[in-house]
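Read through the structure below, which is laid out as structure tokens, and then see the notes.
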Amino acid sequence: MVKRGLCFAITYTNQGPYEIEEEGKYVCKLCSLGMDKAKNSLVSYWQENEQLTKYFLAAILESLQDSVVSIDLNRVITTWNRGAELLYGYTAEEAIGKPLTLVMLPKDVQDLIDKVDAIKHEVAVPLYESVRVHKSGKTADLQIGLSPVRNSEGHVIGVSTVARDVTEAKLQEQLKDEFIAVASHELKTPITSIRSYAELLEEHLKNSTDTTAFSMVQKLNTQVERMIELVKTLLDTTRLRGGEVPMNPESLELKALISDITESVQQISEKHQIQIEADSELIVVGDKRLLSQAITNLLANAVKYSPAGGKVIVSAKKKNQHAEISVQDFGVGIPDDLTNKIFERYFRVQGTTRSKTSGIGLGLYITAQIVRQHGSEISVISEEGVGSTFSFLLPLDNWDKIKAA
Amino acid sequence: MKRLIIVEDDADILETMTIILRNAGYLVTGYFDASAILKGTFDLPDLFIIDKQLNRFDNLNLCRILKTQESTRHVPVIMVSAGTGIAQLAQDALADDALEKPFKMAELKEIVAKHLS
Numbered sequence: 011m012v013k014r015g016l017c018f019a020i021t022y023t024n025q026g027p028y029e030i031e032e033e034g035k036y037v038c039k040l041c042s043l044g045m046d047k048a049k050n051s052l053v054s055y056w057q058e059n060e061q062l063t064k065y066f067l068a069a070i071l072e073s074l075q076d077s078v079v080s081i082d083l084n085r086v087i088t089t090w091n092r093g094a095e096l097l098y099g100y101t102a103e104e105a106i107g108k109p110l111t112l113v114m115l116p117k118d119v120q121d122l123i124d125k126v127d128a129i130k131h132e133v134a135v136p137l138y139e140s141v142r143v144h145k146s147g148k149t150a151d152l153q154i155g156l157s158p159v160r161n162s163e164g165h166v167i168g169v170s171t172v173a174r175d176v177t178e179a180k181l182q183e184q185l186k187d188e189f190i191a192v193a194s195h196e197l198k199t200p201i202t203s204i205r206s207y208a209e210l211l212e213e214h215l216k217n218s219t220d221t222t223a224f225s226m227v228q229k230l231n232t233q234v235e236r237m238i239e240l241v242k243t244l245l246d247t248t249r250l251r252g253g254e255v256p257m258n259p260e261s262l263e264l265k266a267l268i269s270d271i272t273e274s275v276q277q278i279s280e281k282h283q284i285q286i287e288a289d290s291e292l293i294v295v296g297d298k299r300l301l302s303q304a305i306t307n308l309l310a311n312a313v314k315y316s317p318a319g320g321k322v323i324v325s326a327k328k329k330n331q332h333a334e335i336s337v338q339d340f341g342v343g344i345p346d347d348l349t350n351k352i353f354e355r356y357f358r359v360q361g362t363t364r365s366k367t368s369g370i371g372l373g374l375y376i377t378a379q380i381v382r383q384h385g386s387e388i389s390v391i392s393e394e395g396v397g398s399t400f401s402f403l404l405p406l407d408n409w410d411k412i413k414a415a
Numbered sequence: 008m009k010r011l012i013i014v015e016d017d018a019d020i021l022e023t024m025t026i027i028l029r030n031a032g033y034l035v036t037g038y039f040d041a042s043a044i045l046k047g048t049f050d051l052p053d054l055f056i057i058d059k060q061l062n063r064f065d066n067l068n069l070c071r072i073l074k075t076q077e078s079t080r081h082v083p084v085i086m087v088s089a090g091t092g093i094a095q096l097a098q099d100a101l102a103d104d105a106l107e108k109p110f111k112m113a114e115l116k117e118i119v120a121k122h123l124s
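Order-wise, the sequence lines are chains A and B. So my numbering is basically just the index in the first sequence, starting at one, shifted up by 10. So my numbering is basically just the index in the second sequence, starting at one, shifted up by 7.
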């Protein structure tokens, strides 16, 4: 059991070992303590007294603000730290021995069963968000990480759950979204008259001999269009997050859809050759505007991040019962450690080529959200200096017909 | 010559809409607020273009009135708004069509022509 109030003094001796004292008395030496990445579990290496390892770890767990709870494979609570007491309102004595469902909404139980099962079968579970119920009945939004607890033979015997209350953080996100929504909405009014005046002016100067003025007003119009796209993008991100964008699903023939999109993106750059490699007769069900936006974003990125020009390939290929849509460029690529981050909101890869390109880090976020709304996930394969391939699958609506043919 | 009434409280937007539609050959009367429409002191047009939000007054109600009262129900109403959900809101308020700001000159002319042909 967890011993309350356990306190160690640690003397840091250059690179270790660390000398541990308890209540002023020398206890032992600690060489290192940390996460064993290979085993994905907490391990520590002591020179002395193994029992103290447990005390030491327990003391760390006790001092954490985050809730750390471990459960066995039947989801029965086996340990419960101070953070858990604060987060859920139950003491360790009240919680240990009870099922973790004590602090969960009934609708989330199956999800936990599935996740514990995954961990049992050595499948890693990414960080996820869920709702937990406090003893008082109040609910909180939590970010939860699950990892296996192993016995000395390395077999998974339970799961440790580390949870952090993100209610406040989510509220802040929501306020930020509301601000962006209001600000971009307010921008639309002045943009409406700017756009109209600029268009009227362009029309007025079209037949004039003042070609300089005409060319200037054309540039003005191009910039106004960019600004409108930016405002729309900002609004879309807040609406996609809030799940407010309604889907209008319809049957779409991918080759035709891709050809239309390619035509408009090709206009951005003369240096790039966008090549279409699409199987015919691939029909999917999706929202035309949203899917077009997703593919346009991928193509625009492919152009943007291959500044030297060259080939960009957009393809739609049959892959079993799905159509695989992908966009490949031969540009700057993405550093290995950042491929997971690029779909996050406002994330932009730093670097010389990249910092020269404009953008606010929303294109891929929106694309990923749109793909997710269509029940799929976007993936990326990339190598720095070689290029990137983004792809996602959509179920074929005419699979029966294709199969029969 | 077809007659249009535009109700829009932003002076610059009202001006540009008026120029665009006059250039397209319509006779345009502009109002900054809905009072004349509510009082009925206006000449019946062939089409109304109404901004959804006028100084905190929600003109969806104005639209509903125009589309239900005997004297104006046959006149098409186009609701204009910077809000993204305007298509559905306009439909619910019985409007004939909706146009989201910022619109292109061509889009404005197109939508007006569609309801006056």
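All residues carry an ideal CB built from backbone N, CA and C; glycine is no exception.
Taking residue i and residue j to be in contact with their CB atoms under 8 angstroms, please state how far apart those CB atoms are, rounded to whole angstroms.
i, j, result
"Gly319(A)", "Ser392(A)", "Actually they do not touch by this definition, with Cβ atoms about 19 angstroms apart."
"Tyr315(A)", "Asp347(A)", "That pair is no contact at about 17 angstroms."
"Asn139(A)", "Asp151(A)", "First, the amino acid is wrong: residue 139(A) is Glu here, not Asn. About 6 angstroms separates the two Cβ atoms, so the contact holds."
"Ile305(A)", "Ile268(A)", "7 angstroms"
"Val169(A)", "Pro158(A)", "6 angstroms"
"Leu301(A)", "Ile380(A)", "7 angstroms"
"Val275(A)", "Ile284(A)", "6 angstroms"
"Lys108(B)", "Ser124(B)", "Actually they are not in contact, since the Cβ atoms of Lys108(B) and Ser124(B) sit about 24 angstroms apart, beyond 8 angstroms."
"Ile201(A)", "Met226(A)", "19 angstroms between Cβ atoms; not a contact."
"Ser206(A)", "Ile27(B)", "7 angstroms"
Of the residues the options, which one's Cα is nearest the Cα of residue i?
i, options, result
"Lys3(B)", "Glu196(A), Ala208(A), Val141(A)", "Look at the range of chain B in this structure, 8 to 124, and you will see that residue 3(B) is not part of it."
"Asn91(A)", "Asp82(A), Gln383(A), Asp76(A)", "Asp76(A)"
"Glu183(A)", "Thr247(A), His165(A), Ala304(A)", "Thr247(A)"
"Ile376(A)", "Glu394(A), Gly385(A), Tyr356(A)", "Tyr356(A)"
"Ser146(A)", "Phe189(A), Leu156(A), Tyr100(A)", "Tyr100(A)"
"Phe64(B)", "Asp53(B), Met86(B), Asp40(B)", "Asp40(B)"
"Val79(B)", "Asp99(B), Ser124(B), Leu45(B), Ala97(B)", "Residue 79(B) is actually Thr in this sequence, not Val. If we check each option's Cα against that of Thr79(B), Leu45(B) comes out closest."
"Ala288(A)", "Glu263(A), Val141(A), Ser386(A), Val227(A)", "Glu263(A)"
"Ser73(A)", "Ile87(A), Lys180(A), Ala94(A)", "Ala94(A)"
"Leu211(A)", "Leu230(A), Ala102(A), Thr399(A)", "Leu230(A)"
"Leu244(A)", "Asp187(A), Lys148(A), Ser290(A)", "Asp187(A)"
"Glu132(A)", "Ile167(A), Val79(A), Asp121(A), Leu112(A)", "Ile167(A)"
"Val84(B)", "Leu34(B), Asp53(B), Leu28(B)", "Asp53(B)"
"Asn30(B)", "Ala266(A), His214(A), Thr219(A)", "His214(A)"
"Asp58(B)", "Ala120(B), Ala102(B), Val82(B)", "Ala102(B)"
"Pro317(A)", "Arg251(A), Val337(A), Ser279(A)", "Ser279(A)"
"Glu394(A)", "Pro345(A), Thr88(A), Ala414(A)", "Pro345(A)"
"Gly155(A)", "Lys148(A), His165(A), Val176(A), Asn161(A)", "Val176(A)"
"Asn258(A)", "Val141(A), Ile81(A), His384(A)", "His384(A)"
"Glu260(A)", "Leu71(A), Ile204(A), Gly296(A)", "Gly296(A)"
"Leu97(A)", "Asp118(A), Gln153(A), Ala68(A)", "Gln153(A)"
"Leu61(B)", "Thr36(B), Ala43(B), Arg10(B), Glu15(B)", "Glu15(B)"
"Arg85(A)", "Ala128(A), Thr111(A), Arg299(A), Ile70(A)", "Thr111(A)"
Given a cut-off of 8 angstroms, decide if residue j and residue i are closer than it, judged by their beta-carbon atoms.
i, j, result
"Pro256(A)", "His332(A)", "no"
"Asp407(A)", "Val294(A)", "yes"
"Phe55(B)", "Ile12(B)", "yes"
"Leu115(B)", "Met24(B)", "yes"
"Leu83(A)", "Lys125(A)", "no"
"Leu96(B)", "Leu67(B)", "yes"
"Thr91(B)", "Arg249(A)", "yes"
"Phe353(A)", "Leu374(A)", "yes"
"Val241(A)", "Lys198(A)", "yes"
"Leu181(A)", "Val143(A)", "no"
"Thr349(A)", "Val390(A)", "yes"
"Lys265(A)", "Leu309(A)", "no"
"Ala378(A)", "Val337(A)", "no"
"Asp17(B)", "Ser203(A)", "yes"
"Val82(B)", "Leu73(B)", "yes"
"Lys328(A)", "Ile412(A)", "yes"
Check: When you check each C-beta in the segment 102-122 of chain B against every C-beta of chain A, which residues fall closer than 9 angstroms?
Finding: Glu107, Lys108, Pro109, Phe110, Lys111, Met112, Ala113, Leu115
Next item on the list: Compile a chain-ordered list of the residues in the segment 56-87 of chain B whose CB is closer than 7 angstroms to at least one CB of chain A.
Entry: none
Notebook entry, point to check: What residues from the segment 165-189 of chain A come within 9 angstroms of chain B, judged by C-beta to C-beta, listed N to C?
Noted result: none
Next item on the list: Could you name the residues of the segment 248-270 of chain A whose beta carbon sits closer than 8 angstroms to any beta carbon of chain B, in the order they occur along the chain?
Entry: Arg249
Item checked: Residues of the segment 194-223 of chain A with Cβ closer than 7 angstroms to any Cβ of chain B, in chain order -> His195, Lys198, Thr199, Ile201, Thr202, Ser203, Arg205, Ser206, Tyr207, Glu209, Leu210
Item checked: Contact set between the segment 222-244 of chain A and chain B, restricted to residues whose Cβ is under 7 angstroms from the partner -> Ile238
Margin query: Would the segment 107-119 of chain A count as touching the segment 184-201 of chain A if we require 3 or more Cβ pairs under 8 angstroms?
Written below: no
Next item on the list: Could you name the residues of the segment 24-43 of chain B whose beta carbon sits closer than 9 angstroms to any beta carbon of chain A, in the order they occur along the chain?
Entry: Met24, Ile26, Ile27, Asn30
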